[in-house]
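Right, one structure below, let's go through it.
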Amino acid sequence: MGTDILEVSINFAKMVAIFLLMVQLVPLLVWVERRGSALIQNRLGPNRVGPLGLTQLLADAVKFLTKEEFVPAKSHRFLFYAAPVVALLPAAVAFNAIPLSHPIQVEAFEWLGREWGPYTFLFQGYEIGIGIVFVLGVSSLAAYALLLAGWGSDNKYSLLGALRASAQMISYELALGLSIVGILLIYNTFSFSEMVAQQTGPLTFMFFGQETSIGFLPNWGIFFQPLGAILLLAAVFAETNRLPFDLPEAEAELVAGYHTEYGGIKMNMFYIGEYGHMLVASALMVTFYFGGYHIPFITPEQINEFFVSQGQGLTQASLLTALVLHLSFFAKILVFLWIFVWVRWTLPRFRYDQLMNLGWKTMLPWALANTVITAIIVLMMRSSWS
Amino acid sequence: MDLSSLMFYLLAFMAVFFGYFTIAVANPIFSALNLALTMITLAGIFFLLDAYFIAGVQLAVYAGAVMVLFVMVLMLFDLSGEVRAFSRGLMSGIVKVGSALLVMLLILLSVLGYYGERLEIGAPPSTAEVVQPTTQDLAILLFSRYLFAFELLGLLLLVVAVGVVAVSRIKGGTHARD
Amino acid sequence: MPGIEHYLVLSAILFTLGMVGVMMRKNVIVILMSVELMLNAVNLSFVAFSHFNADIKGQVMVFFVMTVAAAEAGVGLALAVAVYKKFKELNIRFFEQLRG
């Protein structure tokens, strides 16, 4: 955690701040979703409350908080209340493990009459060496929230929705895990930060043992693993239970699926969990395939030097660099969040057998093939043939 | 008491607590949920022991897949018919619990006896100078020395997959009453 | 950092809980879960030995145990579901009467 009280408390505050960041993004995403759907369907969307309908979120929040507290008569009360909380946790824990920007170097300074040594603060909740396995493991726990909600609310539609959801999540987790293996083979690491650090500069790779570079492309994972990126994107759509894979809450068949009986703030927590999952999925896509927080062709050191040459101190320059890179990360994430919205309002829903066929008979074989071919190519390219 | 031992005692207490309720709760669904919580706390203990990869796999495979499967199957069944959760008979119960406690006692005695001599209980062994192996070492070992066992496991999984499909598609079976 | 005996004691307690569960419970699925608990206790002792001896072989063993446990859970659940669908029965005593 840290060596002295200041470092420990800042590291702790960071985790809380990242959780709040995730929660605060949700109203914004709801606004994007509603305005975006209106744009796609050629209507106006919410536009009365505030400029462009932006304060609609505030009105929504007040409405959610003042709703009646409702519990079905024959439900399991504890499970019914536990499910929304469980829905919130995995996304928050997983999002904390993803690096959001470059680490901040703080020079030694004097404060309150004592020396505070030089620090390095990572721009993420906590650094775990095997970040990817951790995120996969934690996000697989999200199935419990759906099961608890479905079984706890004692409603046949809820139960059917929950069973569909968990079967779907287990099925697509396989394809998701296998589609990542290719990128792991290329970057040779489980750690997010190392993976991001390898994606700077122009596109560079080993071609039969010789280092080759293509100047006009950034060094992003998508150019090594296009198939893996597509498979991962499709799998995270299924993992987040969004259209076109939102069978668990298919309103024409199941009313509202596992959250049929939920209302008010509890319903809202399910929403936060779902958008949190979208956020984690977008962050994973960006980190694996689109260079993480890096701006193409510009290294963090160059930005840092620019700020130093503008007359900033080393600490301020480092902080500003981190902020600039953080904005770059969020710009990339927002593109993916927009894709989530865009797809939702464009594609129709799958049938359940189509969903399972796609998962087991199409995506799994392609992901396996991608893994094997990547392994062979990596082995061939790394060994010199002279 | 430092942070890691505090974490260990907290996690150990939680593991025993949830483990107890796994076998003590009458409703099998609550049993399964408690077991899932036990596995999550065990993953935390694996993290403390620097076995990061095993901890992640424990979360993804045990807590995320196997236990979800259990919970799903239990939710599919109608459990209202099940009244007696435990086997009946006071004497046999005492014998069963007693034999289990005897096993625990034997394990504890062997552990404390063996390590009491070698390590002097209470003084944790210094592991600072020992280099802890990484995930890469695990993979290298798995794909070199234990390759045969690894392939055998793949075969086992294949057989199990075929067997499960065969069992679940079965039509007649034992006692066919038609 | 607590010594190895702490981990082994925890492992022994969990193993005993699992053992009591296997012997006392009547629901087949709960018995399967108790077996999983016992396997987890064994995994814990493997990882503890692996850590304190700085030897990765224990973790390889844990890997194998996990795979076998997952396979066992799959087969056990499939059997339980098949029997339940046919006879509406999950009591372990019932399984004694299965034949042919």
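Protein chains in written order, with my numbering: chain A, 1 to 386; chain Y, 1001 to 1178; chain L, 2001 to 2100.
Glycine included, each C-beta is placed from N, C-alpha and C at the ideal position.
Does LEU1074 (chain Y) have its Cβ less than 8 Å from a Cβ in chain L? For the purposes of this step, residue 1074 (chain Y) is taken as the residue at position 74 of the second sequence. At a cut-off of 8 Å between beta-carbon atoms, LEU1074 (chain Y) makes contact with chain L.
Note down, in chain order, every chain Y residue with its Cβ under 8 Å from the Cβ of MET2101 (chain L). Given that chain L is displayed from residue 2001 to residue 2100, the structure contains no residue 2101 (chain L) and the question cannot be resolved.
Name, please, each residue of chain Y whose Cβ falls closer than 8 Å to the Cβ of TYR119 (chain A). Here residue 119 (chain A) refers to the residue found at position 119 of the first sequence. Neighbours of TYR119 (chain A) on chain Y: none; closest Cβ ~19 Å, over 8 Å.
For ARG43 (chain A), list the residues DSSP reports as bridge partners. Along the first sequence, one-based indexing puts residue 43 (chain A) at 43. Paired residue(s): none; ARG43 (chain A) is not in a bridge.
For GLY129 (chain A) and GLN199 (chain A), which I take to be in contact (beta-carbon distance under 8 Å), what is that distance rounded to the nearest angstrom? Counting from 1 along the first sequence, the entry for residue 129 (chain A) is found at position 129. Counting from 1 along the first sequence, the entry for residue 199 (chain A) is found at position 199. That belief does not hold up - the Cβ atoms of GLY129 (chain A) and GLN199 (chain A) are roughly 19 Å apart, past 8 Å.
Ignoring anything shorter than 3 residues, give me the beta strand (DSSP E) runs that lie fully in the stretch 130 to 213 of chain A, in order along the chain. For the stretch 130 to 213 of chain A, whole beta strand (DSSP E) runs of length 3 or above, ordered along the chain, are 202 to 207.
Contact set between the stretch 185 to 196 of chain A and chain Y, restricted to residues whose Cβ is under 7 Å from the partner: Per Cβ criterion, the list reads PHE190.
Which first and last residues belong to the beta strand (DSSP E) in which PHE114 (chain A) is found? Taking the first residue of the first sequence as 1, we reach residue 114 (chain A) at position 114. The amino acid at residue 114 (chain A) is misidentified as Phe; the sequence shows Arg. Segment 114 to 116, the beta strand (DSSP E) holding ARG114 (chain A).
Cβ neighbours of SER1031 (chain Y) in the same chain (closer than 6 Å, five flanking residues each side left out): Taking the second sequence and counting its residues from 1, one reaches residue 1031 (chain Y) at position 31. Excluding residues within five positions, the ones whose Cβ falls inside 6 Å are THR1022, VAL1025.
Rounded separation between ALA73 (chain A) and VAL1103 (chain Y) - CA only: Along the first sequence, one-based indexing puts residue 73 (chain A) at 73. Along the second sequence, one-based indexing puts residue 1103 (chain Y) at 103. Rounded to the nearest angstrom, the gap between the Cα atoms of ALA73 (chain A) and VAL1103 (chain Y) is 45 Å.
At what residue ranges does the stretch 298 to 362 of chain A contain a whole run of the alpha helix (DSSP H), taking only runs of 4 or more? The stretch 298 to 362 of chain A contains these whole alpha helix (DSSP H) runs: 300 to 309, 314 to 344, 352 to 357.
The stretch 1095 to 1111 of chain Y contacting the stretch 2002 to 2020 of chain L, beta-carbon criterion three pairs below 8 Å: The stretch 1095 to 1111 of chain Y, when compared against the stretch 2002 to 2020 of chain L, does touch it at the 8 Å Cβ threshold.
For ILE295 (chain A), which residues does DSSP report across the bridge? By 1-based counting over the first sequence, the position of residue 295 (chain A) is 295. According to DSSP, ILE295 (chain A) bridges with A:ILE298.
Of the residues A:VAL16, A:GLU127, A:SER37, the one placed nearest THR346 (chain A), counting alpha carbons only: Counting from 1 along the first sequence, the entry for residue 346 (chain A) is found at position 346. Scanning A:VAL16, A:GLU127, A:SER37 for the CA closest to the CA of THR346 (chain A) turns up A:SER37.
Own chain, CB closer than 7 Å to ILE1029 (chain Y), minus 5 neighbours either side, in chain order: Position 29 of the second sequence, counting from 1, holds the residue named residue 1029 (chain Y). Excluding positions up to five away in sequence, the list reads VAL1071, LEU1074, MET1075.
For chain L, is any of its Cβ atoms less than 8 Å away from the one on VAL1162 (chain Y)? Start at 1 with the first residue of the second sequence, and residue 1162 (chain Y) comes out as number 162. No, because no Cβ of chain L sits closer than 8 Å to the Cβ of VAL1162 (chain Y).
By how many angstroms is the C-alpha of THR1038 (chain Y) removed from the C-alpha of ALA1149 (chain Y)? The residue you call residue 1149 (chain Y) lines up with position 149 of the second sequence. The residue you call residue 1038 (chain Y) lines up with position 38 of the second sequence. Per the coordinates, the alpha-carbon of ALA1149 (chain Y) lies some 28 Å from the alpha-carbon of THR1038 (chain Y).
Comparing the C-beta of SER1144 (chain Y) with each C-beta of chain L, is any distance below 8 Å? Numbered from its first residue, the second sequence carries residue 1144 (chain Y) at position 144. Taking Cβ atoms only, chain L never reaches closer than 8 Å to SER1144 (chain Y), which makes this a no.
To the nearest angstrom, how far is the alpha carbon of GLU2072 (chain L) from that of SER2034 (chain L)? Residue mapping note: residue 2072 (chain L) aligns to position 72 of the third sequence, counting from 1. Residue mapping note: residue 2034 (chain L) aligns to position 34 of the third sequence, counting from 1. Their Cα atoms are separated by approximately 13 Å.
Would you identify the three-state DSSP class for ARG2093 (chain L), choosing helix, strand or coil? In the third sequence, the residue the question calls residue 2093 (chain L) occupies position 93. Residue state, collapsed to three classes: helix.
Mind checking which residues open and close the alpha helix (DSSP H) that includes PRO90 (chain A)? Here residue 90 (chain A) is taken as the residue at index 90 of the first sequence, counted from 1. From DSSP, the alpha helix (DSSP H) with PRO90 (chain A) extends over 77 to 96.
How is ILE2025 (chain L) classed by DSSP in three states: helix, strand or coil? For the purposes of this step, residue 2025 (chain L) is identified with residue 25 of the third sequence, where counting begins at 1. The sequence as given places Arg at residue 2025 (chain L); Ile does not occur at that position. Assignment of ARG2025 (chain L) by DSSP, reduced to helix, strand and coil, places it in the strand class.
is_contact[PHE1077 (chain Y), chain L] using C-beta, thresh 8 Å: As a working mapping, residue 1077 (chain Y) is identified with position 77 in the second sequence. Closer than 8 Å: yes.
According to DSSP, simplified to helix, strand and coil, what is TYR119 (chain A)? The sequence position of residue 119 (chain A) within the first sequence is 119, counting from 1. Three-state result, TYR119 (chain A): strand.
Enclosing alpha helix (DSSP H) for TRP366 (chain A) [first to last residue]: Here residue 366 (chain A) is taken as the residue at index 366 of the first sequence, counted from 1. Start and end: 364 to 382.
State buried or exposed for GLY228 (chain A), treating a residue as buried only when at least 16 other CB atoms are found within 10 Å of its CB. Within the first sequence, the letter at position 228 stands for residue 228 (chain A). Taking all protein chains shown into account, GLY228 (chain A) has 16 or more neighbouring C-beta atoms within 10 Å of its C-beta and is therefore buried.
Residues that PRO218 (chain A) bridges to, as DSSP identifies them: Residue numbering aside, residue 218 (chain A) sits at position 218 when the first sequence is read from its first letter. Beta-bridge pairing links PRO218 (chain A) to A:PRO202.
Show which residues of chain Y have a CB atom less than 7 Å away from the CB atom of ILE98 (chain A). Taking the first residue of the first sequence as 1, we reach residue 98 (chain A) at position 98. The contacting residues do not exist; ILE98 (chain A) stays about 15 Å from chain Y at best.
With DSSP collapsed to three states, give me the class of VAL103 (chain A). For the purposes of this step, residue 103 (chain A) is taken as the residue at position 103 of the first sequence. Before going on, a small fix: residue 103 (chain A) reads as Pro here, not Val. Here PRO103 (chain A) sits in strand by DSSP.
Within chain Y, the residues that VAL2047 (chain L) reaches when beta carbons sit closer than 7 Å: Position 47 of the third sequence holds residue 2047 (chain L). Neighbours of VAL2047 (chain L) on chain Y, chain order: PHE1046, LEU1049, ALA1051, ILE1054.
Inter-residue spacing [alpha-carbon to alpha-carbon] between GLY182 (chain A) and HIS76 (chain A): Translated into the one-based positions of the first sequence, residue 182 (chain A) becomes position 182. Translated into the one-based positions of the first sequence, residue 76 (chain A) becomes position 76. If I take the Cα positions, the gap works out to 44 Å.
Less than 8 Å between CB atoms is the rule here; does ILE5 (chain A) satisfy it with respect to chain Y? Taking the first residue of the first sequence as 1, we reach residue 5 (chain A) at position 5. Answer no: the Cβ-Cβ gap between ILE5 (chain A) and chain Y never drops below 8 Å.
Classify TRP31 (chain A): buried if its beta carbon has 16 or more other beta carbons within 10 angstroms, exposed otherwise. Mapped onto the first sequence, residue 31 (chain A) falls at position 31. When all chains shown are included, TRP31 (chain A) counts as buried.
Can you list the residues of chain Y that PHE2063 (chain L) reaches, using a CB-CB cut of under 8 Å? Here the question's residue 2063 (chain L) lines up with position 63 in the third sequence. What PHE2063 (chain L) touches in chain Y: ILE1054, VAL1057, LEU1138, LEU1142.
So, ILE303 (chain A) versus VAL324 (chain A), is the Cβ gap smaller than 8 Å? Translated into the one-based positions of the first sequence, residue 303 (chain A) becomes position 303. Translated into the one-based positions of the first sequence, residue 324 (chain A) becomes position 324. It is a contact, given that the beta carbons lie within the stated cut-off.
Check whether the Cβ of VAL1068 (chain Y) lies closer than 8 Å to any Cβ atom in chain L. Along the second sequence, one-based indexing puts residue 1068 (chain Y) at 68. Chain L, which has no Cβ nearer than 8 Å to the Cβ of VAL1068 (chain Y), makes this no.
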